[in-house]
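Residue numbers (my numbering): 778 to 927. What follows is a set of notes on a single structure, which appears directly below.
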Ligand SMILES: [Zn+2]
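Written as structure tokens, this is what we have:
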């Protein structure tokens with residue numbers, strides 16, 4: 778592994794959104810347009826990535842950078858308010874923070890494991906451990922605080 782410019786190389790593990798193969802991605806090489814090792818389609822980290830019961834632990838444990846997970850459901854109105862905020866946030870913090878989304882209806886095991894009772898619930902994970910949590914839709918500034926105050 779070679780580090781460029783002395784910065785520690787960050788890594789994330791995400792499933793390809795097309796073929797679901799797990800890929801490890803160097804976040805300091807995002808400008809090189811990472812592609813899925815299996816199907817060759819681009820791995821896009823400038824937007825929230827979908828995470829499921831099957832790959833949740835790989836994604837959380839495989840990230841060297843903080844991960845913000847949005848536990849949501851399609852029928853939840855506050856979640857719809859939160860969605861564009863998270864899209865923006867992911868875009869602006871590409872390479873620094875991974876934004877992930879868990880559909881709590883389709884992934885009940887993960888929702889249950891983390892005791893999700895209200896949605897949206899945002900949980901910040903750092904090096905695989907929960908470091909902060911917030912229930913309910915939050916404005917952009919609060920989202921930033923959630924990351925630093927943990
Ligand atoms: Zn793929």
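Backbone N, C-alpha and C fix where the C-beta goes; we use that ideal spot for every residue, glycine too. On a predicted model such as this, the values are computed, not experimentally measured, just so you know.
Cβ-Cβ distance between residue i and residue j below 8 Å
{"i": "residue 791", "j": "residue 836", "result": "yes"}
{"i": "residue 907", "j": "residue 896", "result": "no"}
{"i": "residue 881", "j": "residue 871", "result": "no"}
{"i": "residue 824", "j": "residue 851", "result": "no"}
{"i": "residue 913", "j": "residue 855", "result": "yes"}
{"i": "residue 866", "j": "residue 923", "result": "no"}
{"i": "residue 793", "j": "residue 820", "result": "yes"}
{"i": "residue 826", "j": "residue 804", "result": "no"}
{"i": "residue 879", "j": "residue 848", "result": "yes"}
Collapsed DSSP secondary structure at residue i in the structure displayed
{"i": "residue 887", "result": "helix"}
{"i": "residue 882", "result": "coil"}
{"i": "residue 894", "result": "coil"}
{"i": "residue 922", "result": "helix"}
{"i": "residue 865", "result": "helix"}
{"i": "residue 802", "result": "strand"}
{"i": "residue 900", "result": "strand"}
{"i": "residue 877", "result": "strand"}
{"i": "residue 908", "result": "strand"}
{"i": "residue 810", "result": "coil"}
{"i": "residue 929", "result": "No answer is possible for residue 929: the residues shown for the chain start at 778 and end at 927."}
{"i": "residue 917", "result": "helix"}
Ligand 1 heavy atom lying under 7 Å from the CB of residue i
{"i": "residue 808", "result": "no"}
{"i": "residue 818", "result": "yes"}
{"i": "residue 798", "result": "yes"}
{"i": "residue 908", "result": "no"}
{"i": "residue 866", "result": "no"}
{"i": "residue 856", "result": "no"}
{"i": "residue 795", "result": "yes"}
{"i": "residue 813", "result": "yes"}
What beta strand (DSSP E) runs, 3 residues minimum, are completely inside the segment 828 to 853?
844 to 849
Please confirm if the segment 831 to 846 is in contact with the segment 859 to 877, defined as three or more CB-CB distances below 8 Å between the two stretches.
yes
Could you check whether the segment 824 to 833 touches the segment 802 to 815, counting it as contact only if at least three pairs of C-beta atoms, one from each stretch, sit closer than 8 Å?
no
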